[in-house]
Structure formats: structure tokens, C-alpha cells
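Enquirer: Can you read through this structure? Questions will come right after.
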Amino acid sequence: MNFRQAYWDEPLLMEKRSAPDTDVDLADLVPAKIRRQHLAIPNLSEHDVVRHFTRLSQMNFGIDTGFYPLGSCTMKFNPKFTEELAALPTVTRIHPDQDESTVQGALRLLYELQGLLAQIAGMDAITLQPAAGAQGEYTGLLLAQAYHRERGEERHEVIIPDTAHGTNPASAGMLGFDLIEIPSKDGRVDLKALEAAAGPKTLALMLTNPNTLGIFEEHVLDIAQIVHDAGGLLYYDGANFNAILGRTSPGNMNFDIVHFNLHKTFTTPHGGGGPGAGPVGVKKPLEPFLPVPVIGLNGRGYHLNYDRPKSIGKVRAWYGNFALLVRAYAYILRMGGDGLKEVSERAVLNANYIRHRLTGVLDVPFGGLRKHEFVASAAKLAAEKGVRTVDLAKRLMDFGYHPPTVYFPHLVEEALMVEPTETETKETLDGFVDALAKIVKEDPETLHSAPHNTAVARVDEVQAAREPILSWRTAKARKPVS
Amino acid sequence: MPSDEDEMLREMGLRSVDDLFADIPAGVRIQKLDIPDGLPEDRVVARVTSMLAANRTVVDMPTFLGGGLYDHFVPASVRAIVSRSEFYTSYTPYQPEISQGLLQALWEYQSLICELTGMDAANTSVYDGSTALGEAARMAHRIHGGRIFLIPRALRHNRRAVLANYVLGTGIEVREVDYDRESALLDLSKLKAALSPDVCGVYVENPNFFGRFEEQLEEIRAMTNGVLVVGVNPIAQAVVRPPGDFGADIVVGEGQPLGTQMNFGGPLLGIFACRQSHIRKMPGRVIGLTRDAKGHRAFCMTLQTREQHIRREKAMSNICTNESLLAVGAAAYMAVLGSNGLRRVAAENIRRARELAKAIDAIAGFEAPLFHGAHFNEFVVRRKKGYAAVHRALLEKGIHGGLPLTRQLPELSDAALFATTGRHTPEAIGRLLGALEALR
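So the protein sequences, as listed, match chains A and B.
Here the first sequence is numbered in our numbering, starting from 1352 and rising by one per residue.
Here the second sequence is numbered in our numbering, starting from 2 and rising by one per residue.
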């Protein structure tokens, strides 16, 4: 495929010619002591502003632009009808402090979404409050701590396999817990290492299944047994939920707590970094600790229940990322139980197909099946030709593909983590494999200097970190920037 | 022609897609999800639309709620810009060469936030104003080392609750400083009594919970050696001196007023900005300015060694997914309005709130604003005979009054916090005043 991204030498908003400031008489409105005389934000024409951001958008790649096999991020098609629903005034123009009687539709939707997510995860209760997966983890660990405390136990060790997402250790670290990282064996949890790590101080094991190599932890029930026998809880990182819909559930695998990434599995658009939504599901014994308010239903209708003496409190101001929850709810209704099962089937088929076709192109360490993603390695290429994963990634852009996740998980050298998702056709997958097959045979110089067809050439990330310029104010204070 | 599925299976030498799930042990398998089968798109749209029709929007029902979220007008251009699918269907810009557009937009957001707040650096957002406060307390502790973090007692309770959870695991103790009963501003004598070398930071809001402009930032700065964290309303910032002028270290706030709808409380935009000297202790994603291999100006995510995917358990925060699209929307909003528009909106808010307070105050039995002095766009209304009945009576007439303060501050159980942004029509205001009049 040939691809050439647009390039505009687009000035910064602050570099554009501004219309003069108009006087706003604040004398009577703001006390002199704190009154502001001037605000250095340019006054531009609306047309120019729209044109500015349109040009910027043309220098950006989304899943509507092309294939985006970013491992662990589940970049699948974002349906357009859910955008229309989320733009309804009955979504956008309601205030979260409104009396319950005036937001019955919103509360009902949240209540029903909780029910659907509980079924999908095999859990007993759900909170929709967390804003993203990482906040779901934070919430889940708080719930685990509350559960242990209720039983008179202070446990502070969190066990994490070396394949875990960085948010797992970071969430545990934020709460001051001690981290026990266990090494993998053949790309799976090493049961012996887990047995050695689990004990009376174990708060929880955080596990992603399938793990970040795309490998299903076949011994998950043994893993659960070891952790439960030690009195710890099992936390399911739902980042890879797209692999198991309708085939198994965290509940069936004996997990106690799970977070969802609605922006992955249930395809709410990721918005270039967010918003997301990270609901958390729990088994019955943890339900009393869920954040307030809990959405309930009684004879008078749907209501917000704050009367929860054992609750951990709140993790954010209101009830969750409602506009995203609306999209996820509509998506689940659209797909249904049958459709969601097909989602995982096709996602897994697509991943295994690419992996199969990459035989002879790139190594894929560790044997056995993969689920929705797999991790290839460019280690051999690096050794033989001096071409590294970063070079492959940059060169893929020239063919119109967003690169896979790179250099993660850490236990694979020169890693490329590929997650195609279910909404890609065989034609797209074939094109991607063909491009990779061509790239690995290319002259190393072409790769080292890639990308060639994107808006800008390879970006100097080292310089950005050496002398961080994070705003126009700082840039102006330093030196001319263009 | 064979289907994609059949062809891929055949090529892999598999009979059925079930073969690909053979690694899921029988003991954990399920046959299907116990939820209804899928529906056609038009039926889902009809069903969800009709379910949501049970909501009463602020269009259907004059609503005087604020308390952190506000019903500001959002120009259609802002919606159009964030609806560009190149923006909203992209992921975090890990690969800068193919993501320059979003990176520039986010860097411009950072720059505009810095202009508003007088800070040198801003991140691309945290989840909302409440988690911004939580992250700020943690950062103050990292910078200063002290154990105590001071907050105003007059603080929206949901912020207080989120803060309580965000300081767990740090050893930070949160203590409250009361407000002056006359001015409604922070009681400086109480602040003085609370300060000690062990105080790592002081948090103060401008405007404060009661909508009052906090006029004492200079004095508060002079009193404390700890980290000064200022919570702002970004629209109000257009007309008040930036916290940077007063020596603030960190500025946080709820960015929803900048071009995001209320959305029943989410998604929101956590503003987080700081001085250059603190940037390596800041949480969250930041975009930096640099060059490409050909010397062109370029942008990329930077200082990633602070973040979870590199630093893991030692990261400044666990945040990964944030609210970037809302940050782009905020940049678009500020760009569409410009300084002239932002200052006009802010001034209009002050004027309208003042007029509304005056009109309510004229009704026998009501006092508004309860606290004297300059307000932004909300104020406390008190009814000595009790407020709860007023709230119910208004609802019965299809009007939503302000936020009852019973659950917030017991001494104000006969009061509510009313907000207006300039969006209320004269008819809506008239209906409110008429309804209150009937209760005199």
C-alpha cells in the first residue's frame, strides 16, 4: 500500500495574528487586588480556528484512517451510531446533582449496564465509577484492602507476573503496597514461583488472562487455588477481555475482582488518549465495600444509594464517564450475547492468522495458541542486520499502518505486540503481513531513516526530554522555536 | 467465494474456530453469555433514545446547579473539531511521526492552560477536578516531604472524598481549615494556627466553594513555606489574576467549563499545571517540543520516565488513559472564544449571578448572597425557615433549584448553592423567582 500523510507547516495558535483585545469593564465585577488586566490568548476568526484543527487532524492517524494493531489497546471499529446517542441532549445536558426523580433514564441505563457487565464477567456486583483501567485497578486494590481489614487482616503484598501492564505495579505502588514480581515460565505464570510468593501477607494477585503475550494461562484454576489458599484475592486486569467473551469469564476462572476497559472491549473511542471508562466487578463478599453511590432500584424507581457504611468512599467526583457508559451500553445491546461471542472468535482468529502468516518473517517466541494478540521479536533481525523493532515500527507507517505496541512486554527482546481486533478483514491483515515481509528484506538504511511518508521525519525524543518545553510560555522564554 | 473465516482457518489447517480456544480448560468454559441476543442498529437507537427520554434536561427544566460543573454554551465548532475521527479514533500518541496533529493540539492545550494559570507546564489532563486535587496532594508531598496537607473545610464533599482515597499509602494526613463566617474566605487566623513545618501543602480555591473570589492568595502564599496548590474555575481565570502571579506551585481545576457538556458528570477534564521546577514530579502525560530528523519543529510525549509504563511501581501516578479528547476540545473552545470571548463570558457570568442573587434577596424570607463580597457565577441562598421545602416545591413546578448544602456543611442546612452561567433565559429566571415568591 502506498501512503503519504498530509503535511501542513501549521503555525501554533499563539503564532497567528490576533485581533486586538476589546475592553471588558471589570471595575465593578472583580476586586482590584485580583483583577486581571490581560490574557494572552489570541483572538482568531472562527473559520481560521476550524481550519487550524482540521489541518492538525489531517496530520493524525486514527482507526478510521487505517489499520491500528496496537497490542493491548484493542483498536477496533468505533460504531457511529453510539456517537449519535452520546450526543443526545438527554445525555449531554443533565447535571449529576439533579434530583433522582429527574434522571430516571440515566440511572436506569447505568443500572442495566451494571447487570450486563456482571453477566459478562461472571461477577455479582459492578461499580461504574472508575474513569479508566488504571483507576479501576486502584479501586479494586482498595476493595481488596477493605475486605481483608474487615476480617482483621493487614495484607500489603501484591503479586504481579513480569508480563503485567505497567499500571498494575503503579497502582499497587501508589497505595504503598509491596510489590512481588514473579518471573514467567514459557510465557506463563510459573506456579512454583507463585507458590513461593504467596503467603499470609498476600493482598492479591493481579493477572491479565490471556496475558500480554496473548497466551491463555491454562493453569488459571491452580493459580487461583494457590492465591486463595494463602488467603489472598485474585484481581483480573480486563485489558484483554476481547479474547474471551462468551468462552469463559473472570468469575468462572475464580477471580474475585475485575476491571473492564470499556474503551477497549466495548469500543468507546479512545480520543487520542482518553476518555475511557474502567468499571469494576466483584464477587458477593466484596460488594459492601463498593464506592458510593451504588445505583439501586426500589418501589420508587432508580436511586443513588449513599447509605453504605462499609464503602471505600469515592474515587472520582460523580458516577463515572456517563457519555462513554451510554456508548458501551448501546454497543452491548447491538452485539448481544451471540454477537459478543463472535467478536472474540474473530479477534482470536485474526491474531492467529497474522501470526501464522508471519512464519519465516519474524520470530514469535513461545509455542502454543494465541488469543487476541501475540508478541513477535525482531531480535534476530537486530543481530543480523542491525535493524531494530523501532525501525520496523517507523517503516510500517510508510505503508499506511499504525505500528504495533513496541518493546512491551519486557521479557521479549525487541518486542512487537500485534492485536488486529475482530473488525479487520483478511484483505487488511494480508496487506499488513505483506508489508512486514517486504520491510524485513529492505536495505537497513531505508529503515533507519524511516518514516519517510509521515508529516514529519523521525522525531528526536531524547532532545524533548533533555530540555523539556511544555508550553508556549517556556518556549518564548528560551529561544526562537521555528 | 469462501468467507474470510473459512479461508483463514483452511490456511492454518484448522477445522473450526473452536480449535483456537482449545487452550481454555474445560473447567472454566462457558457456552454462551447469558444476555439477550443482538439487535439491529435502528432498534438499539430507538430503545436507548426512549429510555433516556425519561431524563429531564436543563433545557426542559430551568436548573440552577453548579458546584463544580456548569451549563455553559459550547460553540458548534468545538463539537465539530472533536468529532474529527482522525482525533477521536486515535490512541495515545505513542508514535509521534504519525500523530503530529494530536500532539500539536495537546501542546497547544498545555500552552493555553499555562496562559490562564500563569504556570510553565501543564499535563494533557487527569480524570477530573477531584482526582487533580488528589494528585496535587501527592505531588506536594513528593516535593516538600511534609506529612500534612491543608484543605478548606468549605470544599465540595466529593472532592474531599476522592482526596481521602488518593492520599492513602502516602502517609499524608489531610486537615481542614475553616472559613471566615463573614467573608466566606479562608480564615487566615485558623490557617496560621494549622501551619507547621510538617505541612507539605496548602490547597485553596478561587473562586471558592461558595462562589466567592478568594482575595487572599498573596497573604496565603506569604504565610506558607509548603507547596501552594490553587484550584481554579478556568472561565473565571480569564478575569482574575493567575495563581502564578501569587507564587502558586501547582494549579488544578475542573476543566469542564471549557467546552465540555455536563454529561451527567463524565467524562470531565482534570486540569493540572505546575512550575517548571516541579515538572519531573508531575503526574500524567505531557507533550514536549522538539525537532524531527530534518530539523522541522515536532512534538512528542516526553518525560515518560515518570510514568507507569517505564517506572512501574515507582511512577508518579498510575494514570495511563486520561481525558485527552476533552483537552483538545478545551483548546478549541479557548481558540474559538479568544481572550475577548473568554473575558466576556466570565464578566457576563459575574453580572448575571449578581442580578439573580439580588432578585432572590428581594423576596421576603430569602437571603442572597448569604456572604458579602465579590462572587463568580454561584452564591449561597439561605431561607431561615428551612430550605428543603423550597427544593421540593421548585421540583414540583418543574424547576431545579441549587445544590442543597445540608450534606456539605451542617451550619448551612437551611441554604443552597445557586449557579447561573448566562444561559438561563429571562423566562427561566422569571419562573424561578415566581416560584420562590409563592413560598414567601
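We treat Cβ as the ideally placed atom computed from N, Cα and C, and that holds for glycine.
#1: Going by Cα to Cα distance, which pick from A:Pro1420, A:Thr1618, A:Thr1425 and A:Asp1448 is closest to asparagine 56 (chain B)?
#2: Are threonine 291 (chain B) and valine 1810 (chain A) closer than 8 Å when you measure CB to CB?
#3: Considering only DSSP beta bridges, list what glycine 1602 (chain A) is partnered with.
#4: Taking contact to mean at least 3 C-beta pairs separated by less than 8 Å, is the region 151-168 of chain B in contact with the region 123-142 of chain B?
#5: Can you give me the C-alpha to C-alpha distance between glutamate 1508 (chain A) and glycine 1524 (chain A), rounded to a whole angstrom?
#6: Within the chosen definition, does the region 277-288 of chain B reach the region 314-334 of chain B through at least 3 CB pairs nearer than 8 Å?
#7: Would leucine 1460 (chain A) and valine 1677 (chain A) qualify as a contact pair, given that the criterion is a beta-carbon distance under 8 Å?
#8: Rounded to the nearest angstrom, what separates glycine 266 (chain B) and phenylalanine 1673 (chain A) at their Cα positions?
#9: Out of A:Lys1634, A:Val1633 and A:Thr1618, which has the shortest C-alpha to C-alpha gap to glycine 1627 (chain A)?
#10: With a 10 Å radius around its C-beta and 16 neighbouring C-beta atoms as the bar for buried, classify glutamine 105 (chain B) as buried or exposed.
#11: Within this structure, are the beta carbons of leucine 53 (chain B) and leucine 1439 (chain A) separated by less than 8 Å?
#12: What residues in the region 82-105 of chain B bring their beta carbon closer than 7 Å to a beta carbon of chain A?
#13: What residue range does the beta strand (DSSP E) around glutamate 177 (chain B) cover?
#14: Between the region 1652-1676 of chain A and chain B, which residues of the former have a C-beta closer than 9 Å to a C-beta of the latter?
#15: In terms of residue numbering, what span does the alpha helix (DSSP H) encompassing histidine 1799 (chain A) cover?
#16: Output the residue ranges of the beta strand (DSSP E) runs that lie fully inside the region 188-215 of chain B and measure 3 residues or longer, sorted by chain position.
#17: Below 8 Å on C-beta distance, what does arginine 1809 (chain A) contact in chain B?
#18: Can the beta-carbon of valine 200 (chain B) be found less than 8 Å from the beta-carbon of valine 231 (chain B)?
#19: Only counting runs of 3 or more residues, tell me where the beta strand (DSSP E) segments fall wholly within the region 1475-1520 of chain A, in order along the chain.
#20: Using a Cβ-Cβ distance under 8 Å, would proline 3 (chain B) count as near chain E?
#21: Is threonine 1797 (chain A) near glutamate 1765 (chain A), with beta carbons less than 8 Å apart?
#22: Please name the residue or residues paired with isoleucine 251 (chain B) in a DSSP beta bridge.
#23: Between asparagine 209 (chain B) and valine 233 (chain B), is the Cβ-Cβ spacing less than 8 Å?
#24: Which residues in the same chain as lysine 1384 (chain A) place their Cβ atom closer than 6 Å to its Cβ, once the five residues preceding and following it in sequence are excluded?
#25: Can you name, in chain order, every residue of its own chain whose Cβ lies under 6 Å from the Cβ of alanine 1786 (chain A), other than the five neighbours on each side?
#26: So, does the CB of threonine 1872 (chain A) fall closer than 8 Å to a CB anywhere in chain B?
#27: Taking 8 Å as the cut-off, does the region 1519-1535 of chain A touch the region 1678-1691 of chain A (at least 3 CB pairs, one atom from each stretch)?
#28: Is it right to say alanine 439 (chain B) is buried, meaning 16 or more other beta carbons lie within 10 angstroms of its own, or is it exposed?
#29: Hey, how far is the Cα of asparagine 1649 (chain A) from the Cα of glutamine 409 (chain B)?
#30: Would you mind stating whether histidine 1621 (chain A) and tyrosine 110 (chain B) have Cβ atoms separated by less than 8 Å?
#31: Glycine 212 (chain B) CB to nearest chain A CB: under 8 Å?
#32: Answer with buried or exposed for glycine 147 (chain B), where buried requires no fewer than 16 other C-beta atoms within 10 angstroms of its C-beta.
#33: Any beta carbon from chain A within less than 8 Å of phenylalanine 265 (chain B)'s own beta carbon?
#34: Determine the closest residue to glutamine 257 (chain B) out of A:Pro1601, A:Arg1386 and A:His1446, with distance taken between C-alpha atoms.
#35: Report yes if the C-beta distance between isoleucine 1510 (chain A) and threonine 1553 (chain A) is below 8 Å; otherwise report no.
#36: Which whole-angstrom value describes the C-beta separation of leucine 1380 (chain A) and isoleucine 280 (chain B), a residue pair presumed to lie in contact below a C-beta threshold of 8 Å?
Expert: Considering the structure as presented:
#1: A:Asp1448
#2: yes
#3: Looking at the DSSP assignment, glycine 1602 (chain A) forms no beta bridge with any residue, so it has no partner.
#4: yes
#5: 10 Å
#6: yes
#7: yes
#8: 7 Å
#9: A:Thr1618
#10: buried
#11: yes
#12: Ile82, Arg85, Ser86, Glu87, Phe88, Tyr89, Thr90, Ser91, Tyr92, Thr93, Pro94, Gln96, Pro97, Glu98, Ile99, Ser100, Gln101, Gly102, Leu103 and Gln105
#13: 174-178
#14: Tyr1657, Ile1663, Gly1664, Lys1665, Val1666, Arg1667, Ala1668, Trp1669, Tyr1670, Gly1671, Asn1672, Phe1673, Ala1674, Leu1675 and Leu1676
#15: 1795-1799
#16: 200-207
#17: Glu98, Asp293 and Ala294
#18: no
#19: 1476-1478 and 1508-1512
#20: Chain labels in this structure do not include chain E; the protein chains are A and B.
#21: no
#22: B:Val230 and B:Cys275
#23: no
#24: none
#25: Phe1750
#26: Any answer about residue 1872 (chain A) is impossible in this case: the structure gives chain A only from 1352 up to 1833.
#27: no
#28: exposed
#29: 26 Å
#30: no
#31: no
#32: buried
#33: yes
#34: A:His1446
#35: yes
#36: Wrong, their Cβ atoms sit about 34 Å apart, outside the cutoff.
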